[in-house]
Amino acid sequence: MERKEILVADKITKIYGIGTKTLYEALHEVSLTMYEGEFVCIMGPSGAGKSTFINNLSTIDIPTKGKVFINGKEVRVMSEGEIGKFRYENLGFIFQEFNLLDSLTIFENIAVPLTLANVDKKEITKRVEEVAKKLDVAQTLDKYPNECSGGQRQRVAICRALVTSPKLIVADEPTGNLDSKNSHEILSLFKELNEKEGVSILMVTHDSKIASYSSKLLYIKDGIIDRTIEREGLSQKEYFYKIVDINSSESQELFE
Numbered sequence: 026m027e028r029k030e031i032l033v034a035d036k037i038t039k040i041y042g043i044g045t046k047t048l049y050e051a052l053h054e055v056s057l058t059m060y061e062g063e064f065v066c067i068m069g070p071s072g073a074g075k076s077t078f079i080n081n082l083s084t085i086d087i088p089t090k091g092k093v094f095i096n097g098k099e100v101r102v103m104s105e106g107e108i109g110k111f112r113y114e115n116l117g118f119i120f121q122e123f124n125l126l127d128s129l130t131i132f133e134n135i136a137v138p139l140t141l142a143n144v145d146k147k148e149i150t151k152r153v154e155e156v157a158k159k160l161d162v163a164q165t166l167d168k169y170p171n172e173c174s175g176g177q178r179q180r181v182a183i184c185r186a187l188v189t190s191p192k193l194i195v196a197d198e199p200t201g202n203l204d205s206k207n208s209h210e211i212l213s214l215f216k217e218l219n220e221k222e223g224v225s226i227l228m229v230t231h232d233s234k235i236a237s238y239s240s241k242l243l244y245i246k247d248g249i250i251d252r253t254i255e256r257e258g259l260s261q262k263e264y265f266y267k268i269v270d271i272n273s274s275e276s277q278e279l280f281e
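Following this note's numbering, the numbering of the sequence shown begins with 26 at its first residue and continues without gaps.
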């Protein structure tokens, strides 16, 4: 069966400071094809362009040059209103900061994208309860964010991303504020969503252990994809050591 493309970047370049004397090229003609059901991780040193890349891939920002297609649709030609609707129908976002609204209950936080889309109240209740049960936070639905642990809050943020049944999850340092135990639980959940439910995931991390949960690694350096690793038949431990080797060789270059 032919694999369907979920995300395509065609030679995207991002330049900041246009119209000023301080031009900065954060990305240079970067291309990527991601297929449905893939779990792709982006790594690289600080300032390499990781967050710029994921932002330009996911409609948060628009490339200076080049094209991005998500689920077959070109992002650049959409209006702001069309992009908002497109995000709701296709994308789920998870960030390092949980970005929960303190004045809303957990139920209301998870329901935000559905409420904004004017989904029927009965349907909202059904979807929120289903996703909360799946991620083991059903017992927190009547609580407020400050009454929940960090791990629970990140699970709630994932619920909010999943409640619209998106085609692609975009996660930028999703475990950055969590301890190792909660990080492992969240990434195990990502892996399960990817392998059992076919959810496509695009994630940025600086942590080799976190990256080892993915099926493909893109190493960004100086605004380009410097290396690509496929997990293929490797165990997670073997894949982890390959990722560590890349980071170690990059660190070594600093002293040569």
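C-beta: ideal position from N, C-alpha, C; glycine also.
All of these numbers come straight from a predicted model, not from anything done at the bench.
query                                                                                                                                                               : result
The alpha helix (DSSP H) spanning C184 covers which residue range?                                                                                                  : G175 to L187
Using the rule of at least 16 other Cβ atoms within 10 Å of the residue's Cβ for burial, across every protein chain shown, is Q177 buried or exposed?               : buried
Can you give me the C-alpha to C-alpha distance between R28 and S233, rounded to a whole angstrom?                                                                  : 28 Å
Helix, strand or coil for E54? Go by DSSP, reduced to three states.                                                                                                 : strand
Rounded to the nearest angstrom, how far is the Cβ of V13 from that of L116, given a contact under 8 Å?                                                             : Residue 13 is absent from the structure shown; the chain starts at 26 and stops at 281.
Which residues mark the beginning and the end of the alpha helix (DSSP H) in which G106 is found?                                                                   : E105 to N115
In this structure, what does DSSP give as the bridge partners for E148?                                                                                             : According to DSSP, which records beta bridges pairwise, E148 is partnered with nothing at all.
Under DSSP, the beta strand (DSSP E) around S225 begins and ends at which residues?                                                                                 : S225 to V229
Compare the C-alpha of T84 against each of K98, G72 and A73 and name the closest.                                                                                   : K98
What are the residues that DSSP puts in a beta bridge with E99?                                                                                                     : F94
In angstroms, rounded to a whole number, what distance separates the CA positions of L52 and I87?                                                                   : 12 Å
Short of 8 Å in beta carbon distance, which residues of its chain neighbour S273, apart from the five on each side in sequence? Order them along the chain.         : none
Output the residue ranges of the alpha helix (DSSP H) runs that lie fully inside the stretch 112 to 143 and measure 4 residues or longer, sorted by chain position. : 131 to 141
A236 lies in the alpha helix (DSSP H); which residues open and close that run?                                                                                      : S233 to A236
If I follow the unbroken beta strand (DSSP E) through K39, where does it start and stop?                                                                            : E30 to Y41
So, with DSSP's three-state summary, where would you put E198?                                                                                                      : coil
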